[in-house]
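Following: one structure in structure tokens, then a few remarks.
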Amino acid sequence: MRRALAGLALGAAIALGAPARAAAPSVRVDAWIAWRDAFVKDDGRLVDVDNGGVSHSEGQGYALLLAAFASDGDSFARIWAWTKSNLMVRADGLAAWRWREADAPHVKDMNDATDGDLLIAWGLAEGARRFDRPQYRAASRKIARAILAHATFESPLGLMLKPGIAGFGPKDSKDGPVVNPSYFVFPAFDALSRVAPSPAWAKLREGGLALLAAARFGKAGLPTDWVSLKAAAPAPAAKWPSAFSYDAIRVPLYLAWDGKAPKAALAPYLGAFADGAPSIVDVSGAKPDASFADAGYRAVAATALCAADGAKIPADLRSVADKRYFPATLHMMS
Numbered sequence: 189m190r191r192a193l194a195g196l197a198l199g200a201a202i203a204l205g206a207p208a209r210a211a212a213p214s215v216r217v218d219a220w221i222a223w224r225d226a227f228v229k230d231d232g233r234l235v236d237v238d239n240g241g242v243s244h245s246e247g248q249g250y251a252l253l254l255a256a257f258a259s260d261g262d263s264f265a266r267i268w269a270w271t272k273s274n275l276m277v278r279a280d281g282l283a284a285w286r287w288r289e290a291d292a293p294h295v296k297d298m299n300d301a302t303d304g305d306l307l308i309a310w311g312l313a314e315g316a317r318r319f320d321r322p323q324y325r326a327a328s329r330k331i332a333r334a335i336l337a338h339a340t341f342e343s344p345l346g347l348m349l350k351p352g353i354a355g356f357g358p359k360d361s362k363d364g365p366v367v368n369p370s371y372f373v374f375p376a377f378d379a380l381s382r383v384a385p386s387p388a389w390a391k392l393r394e395g396g397l398a399l400l401a402a403a404r405f406g407k408a409g410l411p412t413d414w415v416s417l418k419a420a421a422p423a424p425a426a427k428w429p430s431a432f433s434y435d436a437i438r439v440p441l442y443l444a445w446d447g448k449a450p451k452a453a454l455a456p457y458l459g460a461f462a463d464g465a466p467s468i469v470d471v472s473g474a475k476p477d478a479s480f481a482d483a484g485y486r487a488v489a490a491t492a493l494c495a496a497d498g499a500k501i502p503a504d505l506r507s508v509a510d511k512r513y514f515p516a517t518l519h520m521m522s
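Numbered according to this note's numbering, the sequence shown spans residues 189 to 522.
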């Protein structure tokens, strides 16, 4: 790590239930530089050191967003150039989800990850707006249209997102289709509706909110990372732990970002975050709760409490000091 992470993260607060608006969030330059130096190589590749040094569409998408929010056009261009050359290798316009330096070829699994696709497309839309680059807008539009064409499906709850094109449908597991609630990146939907207009974006928001309203499991009423939609009522997916964990922690963050989400959508998280320390929760009750260790997860909890009730962000969370990619990134986005 070339320098300690420091500085305030996002400066824009979005209140739940407030009218939607074209906000222009920003990050302090020192916070962005520290995050960039810690996790992004000079060629624009984000390295997830705690995950075997892989790079993935999720990380490239977050990097594009944060570079845009920091108005760092040079870094944005490098991040997009690497992403375009190394992950935009599918014929359908979506991104391959993972790149490993030790593999030959570097992309062995050509499946996509729809949250990564959304983050990249949203990042490009923000880059087009910040840097006045029509090519970024065109690239965002292409990915956005590919998401709507290939990564959505109708369900009794409304329009849903496939977590990936392959592996999650009704023929892929006994309890399929399976969805991931944290893949509904609500703030991306408005941005992408402007570059690729379609009523499907509003339907995805409605479907995602319906999913979260129905997928409230256990005493805390929290969603699990992975949810089965096979039965009339959603259930924790069988192939994954029945836990609110490292994926689902992003749900309240995206709800807090979304100016159209009803305040009631945050209700179960407010109860779980009341003491400011979110926990990994096994909704079956078979395992004890385990606290998320890093400050970035507490920052998500603080953001949810702030968005819902105006609670002040604790002083120790007003700067980013996480040394691991995922909590540091959630802290920056909070």
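From the three backbone atoms N, C-alpha and C, an ideal C-beta is built for every residue, glycine too.
Asked	Found
Inter-stretch contact at 8 Å, needing at least 3 Cβ pairs: the region 229–237 / the region 211–219	no
Residue 532 classed as buried or exposed, judged by whether at least 16 other C-beta atoms fall within 10 angstroms	Limits of the chain in this structure are 189 at one end and 522 at the other, which puts residue 532 out of reach.
Closest Cα partner of residue 447 within the set 377, 333, 245, 254	377
Cβ-based neighbour list, residue 435, same chain, cut-off 7 Å, excluding 5 preceding and 5 following	368, 370, 413
Residue environment, residue 470, which counts as buried when at least 16 other CB atoms sit within 10 Å	buried
Burial state of residue 273 (16 or more Cβ within 10 Å)	exposed
Residue 244 - DSSP class collapsed to helix/strand/coil	strand
Terminal residues of the alpha helix (DSSP H) in which residue 335 lies	322–338
Nearest-angstrom beta carbon gap, residue 327 and residue 312 [assumed within contact, 8 Å]	5 Å
Length of the line joining the Cα atoms of residue 489 and residue 464	6 Å
Classification of residue 385 by the beta-carbon crowding that lies within 10 angstroms, buried from 16 upward	exposed
Inter-residue Cα distance where the pair is residue 520 and residue 254	8 Å
Nearest-angstrom beta carbon gap, residue 352 and residue 365 [assumed within contact, 8 Å]	Contact doesn't hold; Cβ gap of about 12 Å is too wide.
Test item: CB-CB of residue 426 and residue 363 under 8 Å	yes
Nearest-angstrom Cβ-Cβ length linking residue 310 and residue 380, presumed shorter than 8 Å	6 Å
Three-state secondary structure assigned by DSSP to residue 230	coil
Neighbourhood of residue 461 by C-beta, 7 Å cutoff - its chain only, sequence neighbours within 5 removed	489, 492, 493
Whole-number beta carbon distance between residue 318 and residue 269, since they are thought to touch under 8 Å	That pair is no contact at about 17 Å.
Whole-angstrom distance between residue 495 and residue 454, CA atom to CA atom	9 Å
Of the listed residues 305, 477, 404, nearest to residue 350 (C-alpha basis)	305
C-alpha gap between residue 289 and residue 360, whole angstroms	29 Å
Per-residue DSSP class, three states only, for residue 347	strand
Burial state of residue 263 (16 or more Cβ within 10 Å)	buried
Inter-residue Cα distance where the pair is residue 239 and residue 296	16 Å
Residue range of the alpha helix (DSSP H) that includes residue 273	261–274
Environment of residue 472 [buried if 16+ CB atoms lie within 10 Å]	exposed
Residue 383, buried or exposed, once every other Cβ within 10 Å from all chains shown has been counted against 16	buried
Opposing strand residues paired with residue 410 [DSSP bridges]	405
Residue 441 and residue 388 closer than 8 Å at C-beta	no
Start and end residues, beta strand (DSSP E) containing residue 470	467–470
Opening and closing residue of the alpha helix (DSSP H) in which residue 387 lies	First-last for residue 387: undefined, no H or E at that position.
Beta-ladder partner(s) of residue 293, from DSSP	DSSP, once it has assigned bridges, lists no residue as partnering residue 293.
For residue 310, the three-state DSSP class (helix, strand or coil)	helix
Whole-number beta carbon distance between residue 258 and residue 220, since they are thought to touch under 8 Å	4 Å
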